[in-house]
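As C-alpha cells, the structure follows; a few thoughts come after it.
4 protein chains.
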Amino acid sequence: MADGRAPRPASNEDVLALHESLSNWARFGERDQLGTLNLVTPERRIAAARLVRSGRTVSCARPLPTEPGPENPQPVLHHMIGTAAEGWGGDFIALAPHGFATSHIDALCHIFHAGHLYNGYETARVTSHGALDLAIDALRDGVVARGVLLDPPRVQGRSWLEPGEALHPEDLERAETAAKLRVGPGDVLFVRTGRWALRAANGPWDPRKRLAGLHASCLPWLRERDVAALGSDGVSDVVPSGIEGAGLPVHTVAIVAMGLHLLDNLELEGLSNACAEEGRNEFLLVLAPLVIQGGTASPLNPIAVF
Amino acid sequence: MADGRAPRPASNEDVLALHESLSNWARFGERDQLGTLNLVTPERRIAAARLVRSGRTVSCARPLPTEPGPENPQPVLHHMIGTAAEGWGGDFIALAPHGFATSHIDALCHIFHAGHLYNGYETARVTSHGALDLAIDALRDGVVARGVLLDPPRVQGRSWLEPGEALHPEDLERAETAAKLRVGPGDVLFVRTGRWALRAANGPWDPRKRLAGLHASCLPWLRERDVAALGSDGVSDVVPSGIEGAGLPVHTVAIVAMGLHLLDNLELEGLSNACAEEGRNEFLLVLAPLVIQGGTASPLNPIAVF
Amino acid sequence: MADGRAPRPASNEDVLALHESLSNWARFGERDQLGTLNLVTPERRIAAARLVRSGRTVSCARPLPTEPGPENPQPVLHHMIGTAAEGWGGDFIALAPHGFATSHIDALCHIFHAGHLYNGYETARVTSHGALDLAIDALRDGVVARGVLLDPPRVQGRSWLEPGEALHPEDLERAETAAKLRVGPGDVLFVRTGRWALRAANGPWDPRKRLAGLHASCLPWLRERDVAALGSDGVSDVVPSGIEGAGLPVHTVAIVAMGLHLLDNLELEGLSNACAEEGRNEFLLVLAPLVIQGGTASPLNPIAVF
Amino acid sequence: MADGRAPRPASNEDVLALHESLSNWARFGERDQLGTLNLVTPERRIAAARLVRSGRTVSCARPLPTEPGPENPQPVLHHMIGTAAEGWGGDFIALAPHGFATSHIDALCHIFHAGHLYNGYETARVTSHGALDLAIDALRDGVVARGVLLDPPRVQGRSWLEPGEALHPEDLERAETAAKLRVGPGDVLFVRTGRWALRAANGPWDPRKRLAGLHASCLPWLRERDVAALGSDGVSDVVPSGIEGAGLPVHTVAIVAMGLHLLDNLELEGLSNACAEEGRNEFLLVLAPLVIQGGTASPLNPIAVF
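Here the protein sequences come in this chain order: Z, E, B and W. Residues 1 to 306, numbered by the working numbering, are exactly what the first sequence covers, in order. Residues 1 to 306, numbered by the working numbering, are exactly what the second sequence covers, in order. Residues 1 to 306, numbered by the working numbering, are exactly what the third sequence covers, in order. Residues 1 to 306, numbered by the working numbering, are exactly what the fourth sequence covers, in order.
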C-alpha cells in the first residue's frame, strides 16, 4: 500500500543504501551461486506444475535479432552453411547476448558494484576464461517455477507504456489486483511494458536513451515479495533511471545486492494475449539457459505453460 | 515382440522401402511444419505436468563444447568480452550446432532425401536466408511432453555400450520392461548409450567412425509407438550403420519420412542417475529451442522434471 | 577532352549499352581470372619499382571498423583472447568485408549482371563453398603497380567533396593536370573524395543514401585509359547514381563488363598529404589481399611507396 | 664462423642470459613501438626497390586454413553469405591468427617475459580493449625491405627438414654461402624448413610436438646481423626447443628482448622455387598487415618481388 512505503529513492546515495538494506549476501550460504533462485524449492516446483490446466504453451523470446537497429548495434550473425545447394540444411550463429536486443538471462557475475559481485565475491572471479563463481551454468538444471505476468499497460487499457515511463510499486500492485493474484516467494515475475508492440507500430528507437521500466523504488517491493527472478520486454530498469549517478539501479541492486537474476528483452506480447485468453496471469514457467561454462549470460526461450 | 517383427533392414533398398512404409507425409496436413510433434496435444501436456512429483530438475545438455577433439573439429567459440578488468561480465559465443559435439535439436529442414524434405517440401525451401519451411522456429512455443529414458547399458548392468554397438527393438523393449513403462504416442524418448561416461573414462574417439546407437530396425518400432521426438547422448544412429549406402538411416528416415525431430549429443548420465534415484524413468520434459528464424537446428538444454 | 566525349549516361539503357561497349570479355582469354590486372606486366612492375625515390611508405587502409554506425551496421568483431591476465597477447577477428566501412578489395565474382559474371562465367560458379572462378585468391601473388592518386577536392582547394557529389571525366582530368601526370595502362588509380575527413569533422552519415564518387560517365574514361584497378575512400560509385534502375553502375560495369577490380572504403587522407609533401601523385603501390580460397573479397592495407 | 661462436645455449639460464645480452631495449628510444623494424630506413627501402629486376611477384602466404587438423584445432571460419542464389558474391571470415596454421605476423605485444613486454612496457598495456603499446597497427604503413630467403633443405639437396630438426648458425651461414649473399641490417629474413611440402607428401602431424626450426643458438646471430624481421614456414623456433624450461626461446628472446617481429606459418615453397628460377635469394619484400587497432597479430600475405 502506497502510503506505508518508504520515500522513493531519489539519489545515488539512496541506491547505495538499498545495497545494504536489500542485501541477500550470506542469506543462502557463503558459497551460494544461485541467489534468490534458491527460493524455488522442490515444493514450489510441484505447485507450479499443478498450474498446468489447459496445456497451452507460449514462448517469451524474440527471434535472435539479426537486423541492425538503434537497439541492436551488434546484430546476431546467422549464416546458412548448408542449403539446397549443399544437400543438407545447416547453420552457424554468433552472438554476444547482453544488451538491448537479444532475449537473454543475465548471470549474477554480469554486474559489479564497489569491487564485488553478489555475495561478496571478488570481481577477479570473472576471468578471461570465464567466471569462476556465479556463472550461468549454475542454472544448468533449469528454473521451473510459478510464473506471473504483471501487465501495466493492459491494465490501464493501453497498448504500451511510453519509452521512459517509470513503474512504481503501486503500478505493480494495481496490476496484481487486476490479475487477482499476489506475487510471492519463489515466483518468477515478468513485467510487460509493450515495448515490441510499440516498435512494430512506430519503428525502433535508441533504448539506451529511453525505455519504459521499473523505477528503483520497486526494489524494496521485489525484496519483500522475495521474487526469485525478474524479466521484462525491456531491461527491467526504466531509462533514464531518474537517479543521477545510477544508470541501471534495478540491474545493479537486484543482481549484486539481492542475487536476483534478470531476464532482458523478452517477448511478452504473446504471453499477454495468452493470459487474457486463459483468464489468468499465472502459469508454469520453465527457463532453460544453455550450459555455458563460466558464462555471464545465455540467450534463452522461456516457456510458459498454462 | 521380437518374433513378430519384420526382418531387419539389411540394405539400402530396405531403407528406401522404410521411407515409404513409415511415411507421415500429409498425415498432419499438407502444410504441416511440426511432424510428430503434432502428437504432443494439450491433453498430453497436462498429463505430462502431472508426472511432477518430487520437484527435482535435471539438465540433459553438455556444456557448449569449446575444446577441440576428434568429435569436435569446429569447437564452439566462447570469448569473454567483459571481465574484472572491464568492470562487467560479458561474453560472446559462436557455434554451428550440427555434428557430434554440441547438444542440439535438428529441425526437419536439416536432412534431405531424394530431392525433398519431410512432407514433400522441395529442398529449395532451404535457402541462404534460412529455411522457408520446417525451420526450428516452428518449435518456438517449446515442447512440453512426457519424457521417457530407455537405458540399455544400465539395464544390462554395464556402464556404457561399446562404440559401434547397435540397439534393436528388442533392446528398447527390454529397457522398457526394466523401467516398467511403455513408450507411447506423444512421448519424447531419450535413449542412453553411456557415451560421455565412456569418454570420461577412456578418452575421446572419432564418432564418425563408430558410435553406439539405434539400428535402422528400430524405425518401424518408433513409428508404431508414435514417438514425438527422439534423443540420445549419441546421434541416435549407430555408426557404422551396417547398411551399405545408408550412412545415417535413422536420421534420414526419421526426419524426412516420419517428421520425427532428433536431439543429438545430449548429456544423459545425470538423467540416468536421477531415474535410478527417483525410481522411475518417466518425467515431465521441456525442450526450449532458441527462436532462430529459418534455422536448421538449435543448441538447447532439455530439462527433465521429476 | 570534354568536348569530344560521348553524351553522359543518363538512363539504365545507357548503362546496359556500356556493358557492351566497354566489355573486356575474352580480351585476356576465355578462362581469364584477372581482368584488367592482366595489364600489370612484369615490365610495368619494374617501372613501378623505379618510382621509389624517397623511401616513404603510406598506408591506404582504415583500421578495421569495430564501432557501429550508419555506414557500419555489422561491425567487425575484435576480441582480445589473450591479455595481461592470460600471460600472452592474442586476439580474434571476424568480419564480412563488403559494404561501406571496411577497407577491402572486391573480387570479380562479387557482382553479377544479367545472369553472368565477368568474362561470361555463370553465376553458378559462386557456390556456397566459395567461388570456383574469379575468386580473390587469383590475386594471391599481389598487385605491384604504378599507383596514382587523383585528388579532386585538394585540386579544388576544398577539404572534401559533399556526399552525393558526382565526379565526371573532366574532374578526373583536371586532377591529372594538377598532378602533372597521365593515368595510363596498368595503373592502379585511387580517387579521393575526402570522405573520412568529412566524417571526422561532422560525424557519420548513411552512405547508402549519399556518397561522393564517380558518375557512370567515368566508365568509358577508365576503359580508354586501361586502368588496372580502381579504388576510393568511398565505393567509387557516386550515391545516388543519378541513373534510375542502376544503383551502383560503376561497380557493375567495371567488375562485370571490364573485369576491373575495385577497392572500397580506403583511407586516402594520409596518401593525399604524402603526395603534397612528396610533390608527386605517383608511387609504387602494393596490394596484398589475404589468400582466401574461393573468396569474394579481402580486407587489405594497400601500401604506397614514394 | 662456427669456431668463434659462444657455446650453444643449453639451459633456461642461458636463455635468460640472452634476454640481457641481446636486448634492444631503449636502443630505439624509450617509447619505441617498432623494435628492429626501425632498421628499415628510407635508404634501405630505396635500395630494396632497386632489387626488382624481373618483375615477378610471389606470395608467401598459405590460404586461410579452414580445414581442421593437428596443426589447426581452431579452423578459420569462411562462410559464403552471398552466392548465385543471392544474386551477389559475399563472404565472412573469422579467425584467431596465432598458432601453427595461419600465415601471420606477431606484434611485439604478443609475448611476455618476466612481467614485461619488449622495451620494458608493463604487461598491463595488453588490455581487453587491445594493446596500448606494441600493437600490430604500429606497422600500418607496412614493411618494405630487402627480403632474403635462406633455404637449408634445398642447400642440402633435400625436400624438407625433418620435424624437430634444429638449425644452428652454421646452417644459416651455409645457406648464405650457397645463396651468395650476406644477411645484414634491415633485412627481413625468411628461413625455409619445407614444412608444407612434407605435409603435402606425408600428411599432417602435431607441430606442438615437433617442428623444424631455429635453435636458440641462432639468436646471437640474428642480433649480430641486425635482422629487421624473421619469418618461417614453421614458427621459427625448433620444437622441441632442446632447452628445458624454455618452450619457444626464439619467440621469447626475439620478441621481448630484441623487438624482432616474427612471421609464422608462411608458405615458402613458391618462394623457394622462384629463387631457384630467378637465380637469386634476395628480393623486394612487402609486408602489409591489416590495421587492427590494439591487435596482437595480423594474418597477412607477404609479397616478394624479383
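Think of the CB as a built atom: it goes at the ideal place given N, C-alpha and C, for glycine as much as any other residue.
Residue nearest to residue i in terms of C-alpha spacing, selected from the options
i         : options                                    : result
Z/Leu-167 : Z/Leu-198, Z/Asp-226, Z/Ala-228, Z/Pro-240 : Z/Pro-240
W/Val-286 : W/Gly-99, W/Leu-22, W/Leu-189              : W/Leu-189
W/Val-144 : W/Arg-280, W/Ala-49, W/Leu-271             : W/Ala-49
E/Val-58  : Z/Gly-35, Z/Pro-153, Z/Pro-42              : Z/Pro-42
Z/Arg-45  : Z/Leu-284, Z/Gly-87, Z/Leu-262             : Z/Leu-284
W/Asn-119 : W/Asp-133, W/Ser-128, W/Thr-127            : W/Asp-133
B/Gln-33  : B/Ile-303, B/Val-191, B/Ile-136, B/Ala-304 : B/Ile-136
Z/Trp-88  : E/Gly-245, E/Leu-198, E/His-251, E/Pro-152 : E/His-251
E/Pro-153 : E/Asn-273, E/Leu-39, E/Arg-146             : E/Asn-273
Z/Asp-264 : Z/Asp-151, Z/Leu-161, Z/Arg-31, Z/Gly-99   : Z/Gly-99
Beta-carbon contacts of residue i that lie in its chain and below 8 Å, excluding the five residues immediately before and after
i         : result
W/Leu-95  : Leu-64, Val-76, Leu-77, Thr-102, Pro-299
E/Leu-18  : Pro-9, Ala-216, Leu-219, Pro-220, Pro-249, Val-253, Ala-257
E/Ser-236 : Val-191, Gly-213, Leu-214, Leu-230, Val-250, His-251, Ala-254, Leu-262, Asp-264
Closer than 7 Å at the beta carbon, the chain Z residues around residue i
i        : result
W/His-79 : His-79, Ile-81, Phe-92
E/Pro-7  : Simply none; closest approach about 30 Å.
Chain-ordered chain W contacts of residue i [CB-CB under 8 Å]
i         : result
B/Cys-109 : Gly-89
B/Phe-190 : What B/Phe-190 touches in chain W: nothing, since even the nearest Cβ is about 15 Å away.
Same chain, Cβ closer than 6 Å to residue i, five either side skipped, listed in chain order
i        : result
W/Arg-62 : Ser-103, Glu-267
Residue-level contact to chain Z via CB, residue i, 8 Å cutoff
i         : result
W/Ala-85  : yes
E/His-251 : no
E/Arg-195 : no
E/Leu-266 : no
E/His-215 : no
B/Met-1   : Confidence at B/Met-1 is low in this model, with a pLDDT of 41, below 50, so its placement is unreliable and the value that follows should be read with caution. No - not a single Cβ of chain Z is within 8 Å of the one on B/Met-1.
E/Arg-45  : yes
Within chain Z, partners of residue i - CB distance below 8 Å
i         : result
B/Thr-127 : Ala-85
Residue-level contact to chain B via CB, residue i, 8 Å cutoff
i         : result
W/Asp-137 : yes
Z/Gln-74  : yes
W/His-169 : The sequence shown places Pro at residue 169 of chain W, rather than the His named in the question. No, because no Cβ of chain B sits closer than 8 Å to the Cβ of W/Pro-169.
W/His-104 : no
W/Gly-184 : no
W/Val-286 : yes
W/Ala-36  : The sequence shown places Thr at residue 36 of chain W, not Ala. With 8 Å as the cut-off, W/Thr-36 does not count as an interface residue toward chain B.
W/Pro-42  : yes
Beta-bridge partners of residue i, as assigned by DSSP
i         : result
B/Trp-88  : W/Ile-111
B/Asp-106 : B/Ala-297
W/Ile-93  : B/Leu-95, W/His-78
Chain E within 8 Å of residue i, Cβ atoms only
i         : result
Z/Asn-301 : yes
Z/Phe-283 : no
Z/Gly-279 : no
Z/Ala-124 : yes
Within chain Z, the residues that residue i reaches when beta carbons sit closer than 9 Å
i         : result
E/Gln-293 : Pro-63, Leu-64, Thr-66, His-78
E/Thr-177 : Ordered by position in chain Z, no residue passes the 9 Å Cβ test against E/Thr-177, which lies about 28 Å from the chain.
Within chain B, the residues that residue i reaches when beta carbons sit closer than 8 Å
i        : result
W/Glu-30 : Simply none; closest approach about 20 Å.
7 Å CB neighbourhood of residue i in its chain, flanking five on each side removed
i         : result
E/Pro-163 : Trp-205, Arg-210, Leu-211, Ala-212
W/Leu-22  : Leu-219, Pro-220, Arg-223, Val-253, Ala-257, Met-258
Z/Val-227 : Thr-36, Val-183, Asp-187, Leu-189, Leu-260
Contact test: residue i Cβ vs the ligand SAH heavy atom, cutoff 7 Å
i         : result
W/Ser-298 : In terms of ligand content, the structure shown is empty, and the ligand SAH therefore cannot be addressed.
Neighbouring residues, chain W, relative to residue i (Cβ below 9 Å)
i        : result
B/Val-58 : Asp-141, Gly-142
Contacts that residue i makes with chain B (C-beta to C-beta distance below 9 Å)
i         : result
W/Glu-173 : What W/Glu-173 touches in chain B: nothing, since even the nearest Cβ is about 29 Å away.
W/Leu-290 : Ala-61, Pro-63, Leu-64, Ile-93, Ser-103, Leu-290, Pro-299, Leu-300, Asn-301
Interface partners of residue i on chain E, CB under 7 Å
i        : result
Z/His-98 : Gly-90
Cross-chain neighbours of residue i in chain A, by beta carbon under 7 Å
i        : result
W/Val-52 : Of the protein chains in this structure, namely Z, E, B and W, none is chain A.
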